[in-house]
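Structure first, then comments.
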DNA sequence: ATAATAATTTAGGCTTGTCTAAAAATTTTT
DNA sequence: AAAAATTTTTAGACAAGCCTAAATTATTAT
Ligand SMILES: [Mn+2]
Ligand SMILES: [Mn+2]
Ligand SMILES: [Mn+2]
Ligand SMILES: [Mn+2]
């Protein structure tokens with residue numbers, strides 16, 4: 015019998031990694047500092063708990079934090095956040111490409127797998143998958159060095175009549191939304207010709223892959239990224 | 015942004031799973047109840063901490079426990095322990111077969127991966143690997159229903175002169191031991207003809223794959239399982 | 001410029017899993 | 001069968017991460 019659960023204490027806890035990742039996402043969503051309340055909402059905790067954690071992350075120099083002034087990742091904090099996001103997205107590719115899970119199923123499992131701490135594991139997995147550039151939702155995979163590739167997509171809701179575009183990603187990642195896309199045939203990579211835009215509800219009428227015509231609500235169109 | 019770390023609270027913690035697994039292994043190692051001290055040693059904690067956990071596991075009906083009398087898994091506890099061991103060994107096969115890790119490297123990562131909680135994940139992974147029967151160390155993989163296949167191997171130290179056997183597994187799993195086997199060419203599956211046994215130190219002289227001759231210490235021979 | 005409202009932090013507690021030191025039970029030795 | 005030694009449990013603490021309630025600071029409205 016040998017060293018069953020002797021694990022060297024990791025540098026950062028799951029919880030810390032999740033906070034960093036969440037701060038990264040909220041920072042990307044809008045300019046300026048991230049607020050305590052928005053973090054509480056995203057992490058499904060209370061503002062008081064977030065305050066505690068922010069103090070701790072600031073002590074560890076992972077965030078810039080002045081009381082009541084919101085929060086911003088330090089370089090080190092961003093490096094760590096991108097590492098977690100890289101692991102998450104690589105695992106999503108594995109689950110989707112190799113194990114045959116649907117794009118609506120992979121996120122939940124990746125939320126756990128992203129915390130497995132082995133540089134070599136994610137490196138070998140990356141190679142095994144052929145160094146994918148994007149995850150199953152079209153999101154770019156950060157480089158091993160911790161750089162997030164820039165992507166410039168528009169929302170389908172912003173495309174003008176007559177243009178033909180390709181579905182490149184989604185903004186909304188809920189299983190419900192993704193299953194709805196599956197049902198209507200709006201998969202990643204499919205070509206979409208915008209035929210008409212309804213001026214009242216801003217729904218769009220589109221032709222998919224030069225075949226069937228479809229009505230897409232603005233709610234859906236706003237969450238579809240196209241080339 | 016969507017449900018980042020909203021995880022449904024799992025039935026059993028990592029820690030509980032590790033205790034159950036450890037109790038299983040210690041039970042297999044010798045007859046009778048498992049002692050508090052042996053658990054403390056295996057889990058690299060103190061006896062006091064083990065006592066606390068045993069009380070909790072007993073409350074959850076996962077172990078039979080009478081104070082000062084040692085401990086034994088209930089049916090439910092054994093079912094859970096075997097589930098964890100199954101996940102551990104399937105992940106080890108993945109790491110070894112698909113990602114190319116050595117058998118001396120896989121255990122540590124599997125210690126983390128074994129706690130990923132998704133029935134469907136391990137089921138799909140099992141299928142992806144072609145339903146392996148044994149892990150990279152020759153240990154049998156428990157069935158999905160929670161049954162540990164019986165295997166009947168001898169130790170190389172017990173083989174009589176003139177017999178030819180095949181290496182089927184290892185009892186010791188430390189990277190040091192496994193690397194030593196790699197170095198001497200004693201891989202899983204290789205054929206071993208016992209040519210001589212030294213009566214003093216019980217080391218054995220063996221011929222490997224009908225080729226080179228090798229001296230194997232009793233320490234090593236005791237930890238090699240052969241057909 | 002206050003007053004009211006909203007956001008954030010602090011205070012004090014709880015749970016899990018760990019620890020050390022002390023008490024209690026069991027086992028071994030004499 | 002006692003005494004000594006060992007094993008196990010209990011008592012009391014602590015860190016991480018969470019909570020509610022109260023206090024504080026910032027923002028918005030009057
Ligand atoms: Mn995801
Ligand atoms: Mn994704
Ligand atoms: Mn192992
Ligand atoms: Mn193994």
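Protein chains in written order, with the numbering used here: chain R, 15 to 241; chain X, 15 to 241. Backbone N, C-alpha and C fix where the C-beta goes; we use that ideal spot for every residue, glycine too. Remember, predicted model here, so these are calculated numbers, not experimental data.
Based on the DSSP secondary-structure assignment, which residues constitute the bridge partners of residue i?
i	result
residue 178/X	207/X
residue 86/R	78/R
residue 222/X	206/X
residue 168/R	240/R
residue 14/R	Residue 14/R lies beyond the stretch modelled for chain R, which goes from 15 to 241, so this question has no answer here.
residue 136/R	None; residue 136/R has no bridge partner.
residue 48/X	85/X
So for residue i, helix, strand or coil by DSSP?
i	result
residue 154/X	strand
residue 228/R	strand
residue 217/R	coil
residue 143/X	coil
residue 183/X	strand
residue 108/X	helix
residue 234/X	helix
residue 173/R	coil
residue 131/R	coil
residue 212/X	coil
residue 121/R	helix
residue 15/X	The predicted model places residue 15/X with a pLDDT of 43, which falls under 50 and marks its position as unreliable; any figure quoted below should be read in that light. The answer is coil: DSSP assigns residue 15/X none of H, G, I, E or B.
residue 61/X	helix
residue 162/X	coil
residue 29/X	helix
residue 20/R	Low confidence applies here, because residue 20/R scores a pLDDT of 39, under 50, leaving its location unreliable; read the following figure in that light. Three-state DSSP puts residue 20/R in coil, outside helix and strand.
residue 200/X	coil
residue 53/X	helix
residue 34/X	helix
residue 91/X	helix
residue 188/X	coil
residue 113/R	coil
residue 69/R	helix
Drop a sphere of 10 angstroms on the beta-carbon of residue i, count the other beta-carbons inside from all chains shown, and report buried for 16 or more, exposed for fewer.
i	result
residue 121/X	buried
residue 38/R	buried
residue 118/X	buried
residue 30/R	buried
residue 235/R	buried
residue 224/X	exposed
residue 108/X	buried
residue 133/X	exposed
residue 82/R	exposed
residue 145/R	exposed
residue 114/R	exposed
residue 100/X	buried
residue 153/R	buried
residue 56/X	buried
Out of the options, which one is the CA nearest neighbour of residue i?
i	options	result
residue 84/X	137/X, 64/X, 151/X	64/X
residue 174/X	213/X, 98/X, 182/X	213/X
residue 111/X	142/X, 221/X, 99/X	142/X
residue 243/X	81/X, 87/X, 32/X, 145/X	Outside the shown range of chain X, which is 15 to 241, sits residue 243/X, and nothing can be said about it.
residue 72/R	60/R, 82/R, 88/R	88/R
residue 189/X	116/X, 66/X, 144/X	116/X
residue 27/R	40/R, 67/R, 61/R	67/R
residue 246/R	125/R, 215/R, 25/R, 105/R	No information on residue 246/R is available, as it lies outside the stretch 15 to 241 that chain R covers here.
residue 151/R	168/R, 186/R, 171/R, 170/R	186/R
residue 104/R	45/R, 147/R, 60/R, 78/R	147/R
residue 97/R	191/R, 201/R, 34/R	34/R
residue 42/R	217/R, 164/R, 54/R	164/R
residue 40/X	70/X, 61/X, 25/X, 86/X	86/X
residue 241/X	219/X, 215/X, 218/X, 167/X	167/X
Are there three or more Cβ pairs, one per stretch, closer than 8 Å when the stretch 201 to 218 of chain R is compared with the stretch 162 to 179 of chain R? Touching, per the Cβ criterion.
Hey, is the stretch 158 to 165 of chain R in contact with the stretch 87 to 98 of chain R, meaning 3+ C-beta pairs nearer than 8 Å? yes
Would you check if the stretch 188 to 204 of chain R and the stretch 123 to 138 of chain R touch, i.e. whether three or more CB-CB distances between them fall below 8 Å? No, the stretch 123 to 138 of chain R is not in contact with the stretch 188 to 204 of chain R.
Would you call the stretch 225 to 233 of chain R in contact with the stretch 42 to 50 of chain X, where contact means no fewer than 3 C-beta pairs closer than 8 Å? no
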